[in-house]
Every structure is written in structure tokens, then in C-alpha cells.
């Protein structure tokens, strides 16, 4: 090899090293787009490795780097293999989480899949969580849409709302009709509503019955409604989706400027999983109602932790076949911080008192520590 060729090769290697060094360091000042990028369904926003800009999180088996991190909320990390100087890697699960089974197929921990055209799902340590791809089917049409109904569109999966312009009538009559129809309901509809699957529209465009409204209706006047009145109604919070551990509670309200029915969620925990159930019962007692955490605890959600510590109350257990459920609760806006420094707020249920009764919404904790959601695709594995 001639000296000239050797110098050229050395120069190229130096340039490559400098390029790697430049790509691996963070800028002195952050320069981010004004609008956050739009991610695919089921893909969240995370900050890049420099903590500057929000980017779409990379998913399982996708290429990743310092500036294109993996989705930590799904337990993924960027695996660079044995190389200590590699700039790109592949998103892998941080730990060997449990796989999921759905429709006789096995999905690995952290794997995303689409079981049908209306849902995007992800396997997270043995449980399958899904988001709807047709959110318009879960909400009511805009106020002033006469005789609304959902119709199938050729070549599309999601149904769309159409308004019948013939025979115009008072828009509030439409909303009252939607809220008033379908008072007859079966157990499956109650289960779907309680378990965070709001099936809002029935045959003929009528709204299936929601849980009992928890507050007195009031009238909201908004100039954007062109002088039309809005009767504000809010349902009671549904029962927690899990009997132990972190679950979700929901309610439906139209208390907003558009007078549009929306579903609100809050994090809930009736009791920690694995706590001793009957050891604290006094002699002759059959139930232990409300218990307060002996020391401050940190709440966790999607891999992130609450900024502050709390001493929440939990519901106890019964030995006579009754179930212990929350009686009075309040909702607290709680701040969470993730490992990458990102913060967000979530509504969290705080128990004030519990009661023991035979009207159990699901199996008693003593017999079934996990609650299998009706008609849901969650799959829990021991």
C-alpha cells in the first residue's frame, strides 16, 4: 500500500470518527419544530436522548438511536449489541416480560399488532391493551345534527356520522332523544360501559343507557352554540376495572364548550395486589373496610412515577361472601415524571370510605384476584 493511499484511508477514518462523535453529542441549544410530530396509532411521544424535542417513540424491533429512542412506557430499550461505539440499535424488551395470547396467536412482550381494522393493540407483560382507531364511533355527533346515524362507507373500515336534513327540528330534541332512548339494557351493555368500552350508539342511532347521572343536570349557555341551550349532564364514575393493582375508572360528560359527550378517565387502585386479606381482622369480625397506607407511597403509571408521595386509603376484604368496594371517592390531579424527564398530569381516584355488601360488581377478591373484563381482549397469565 502506497503512503498516499494510507494517508487517504487514515483521513477517511478520522472523518468517520468525527461524524460519529458529532452525532453522539447533544447540541448546545435545542431547536425543535413548533408542532409535535403526528405518530401512528398506539405510538406515543417521547423526548430525544438530549431531552430536547419530542419524537415518535420507536417500537419493538425497529431501528433506534440516541435521537430516536424506544418506547420506555412499553418496557423497550435501544439494544446496541456488543458494540460500544454503535450509533444505531434495535428496540428490544428491557426484561423478559410475559407473552400474550389473543385469538390463538402468541405475541411477544412489547409487540404491537392490529387484530382488526378498528383496534391497535400492544402486549405488555402478559396483558393486551388496545386503543380505538375509530374514535368517532364512540362519541355523539355535533349538536344540531338532525336524526344522526352511523353509516358504513365504501372502502373504509370506520363508520361515519350522517345527518338527515329532512324534517328539521329542535337540535335539543335530538340530544334528548339520544340520551333518553334505549333505557332497556342487558348485562353485556353494562359490562361494556363499566369496563371502559363505551358503546355509545345503538341501532337507529340511539345512545345505549349510560350509568346513572351523578350530578343534577344544569344548563350551559355558549355563544358558539348560536343561542341553543345545553343541558349539562355527567355520569357517576364507573367502578375500577381491576380489583387489585392499578386500573381505570371512567365517566361520560358533556360539560364542555361544544356540549359534546366525551369520556373521561382516571387512574384507580382499590387495593394493592398481594396484600394479606384476613390477617388483620379482629376476633369476631368478618370484614375489614377502609385501610390507610402505613407510610407514604409513590404512584406509578406507564413506567412513570408521581412527583409527590401520598398516603392513600384502600378497601379491605370480607370473609362472609361480601365484597368491599369504594363508597366515597374524590379525584386528584396528580403529576407524574418519567425517566427521560418528561412530566404529565393524570386524574387519580382517592378513596375516602369503603363499604361491604352483597351487590358485588364482579367476583370476590378472595376467589379471583384478577378481574377478567367482559368482552375485552386483556389476557392475564399467572
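In mature numbering (1 follows the signal peptide of the UniProt record, and there is no 0), the protein residues as written are -24 to -1, 1 to 358.
For glycine and all other residues, C-beta sits at the position ideal for the given N, C-alpha and C.
Computed from a predicted model, the values in this text were never measured in an experiment.
Candidates the options, of which the one nearest residue i by Cα
i	options	result
residue 49	231, 332, 32 and 56	32
residue 298	333, 219 and 55	333
residue 42	239, 2 and 20	2
residue 329	134, 311, 313 and 292	292
residue 287	326, 213, 314 and 296	326
residue 277	323, 265 and 296	323
residue 100	77, 331 and 110	77
residue 233	206, 63 and 19	206
residue 231	250, 211, 248 and 249	211
residue 240	309, 266, 264 and 313	309
residue 266	250, 15 and 294	294
residue 331	264, 317, 313 and 311	264
Alpha-carbon spacing of residue i relative to residue j, whole angstroms
i	j	result
residue 124	residue 112	13 Å
residue 93	residue 137	18 Å
residue 10	residue 27	16 Å
residue 58	residue 65	10 Å
residue 304	residue 222	18 Å
residue 307	residue 35	33 Å
residue 25	residue 74	28 Å
residue 235	residue 102	39 Å
residue 283	residue 67	28 Å
residue 30	residue 22	5 Å
residue 289	residue 269	6 Å
residue 88	residue 108	14 Å
residue 134	residue 242	27 Å
residue 301	residue 225	13 Å
residue 79	residue 6	46 Å
residue 47	residue 228	30 Å
residue 126	residue 139	9 Å
residue 132	residue 106	20 Å
residue 321	residue 271	23 Å
residue 296	residue 336	13 Å
residue 340	residue 63	At residue 340 the pLDDT is 37, less than 50, meaning the model places this residue with poor confidence; the figure from the coordinates comes in the next sentence. So the two alpha carbons sit approximately 52 Å from each other.
residue 249	residue 128	44 Å
residue 55	residue 69	9 Å
residue 274	residue 315	14 Å
residue 110	residue 16	13 Å
residue 208	residue 37	47 Å
residue 350	residue 319	At residue 350, the pLDDT of 32 sits below 50, so the modelled position is not reliable; the number obtained from the coordinates is stated separately. Distance between the alpha carbons of residue 350 and residue 319: 33 Å.
residue 317	residue 82	34 Å
residue 311	residue 84	31 Å
residue 104	residue 218	14 Å
Per-residue burial, residue i [other beta carbons within 10 Å of its own, 16 or more giving buried]
i	result
residue 13	exposed
residue 130	exposed
residue 96	buried
residue 61	exposed
residue 4	exposed
residue 121	buried
residue 280	buried
residue 39	exposed
residue 8	exposed
residue 246	buried
residue 45	buried
residue 52	buried
residue 214	buried
residue 237	buried
residue 86	buried
residue 285	exposed
residue 90	exposed
residue 144	Bear in mind that the predicted position of residue 144 carries a pLDDT of just 46, short of 50, making it unreliable; the figure below should be weighed with that in mind. Exposed, because fewer than 16 other Cβ atoms sit within 10 Å of the Cβ of residue 144.
residue 184	With a pLDDT of 35 at residue 184, under the threshold of 50, the modelled position of that residue is not reliable, and no figure is offered here.
Contact belief for residue i with residue j at Cβ below 8 Å, rounded distance in angstroms
i	j	result
residue 244	residue 216	4 Å
residue 98	residue 18	6 Å
In chain order, each alpha helix (DSSP H) run of at least 4 residues that lies wholly inside the region 32 to 95: none
Complete runs of the beta strand (DSSP E) confined to the region 289 to 339 [at least 3 residues]: 289 to 291, 299 to 313 and 319 to 333
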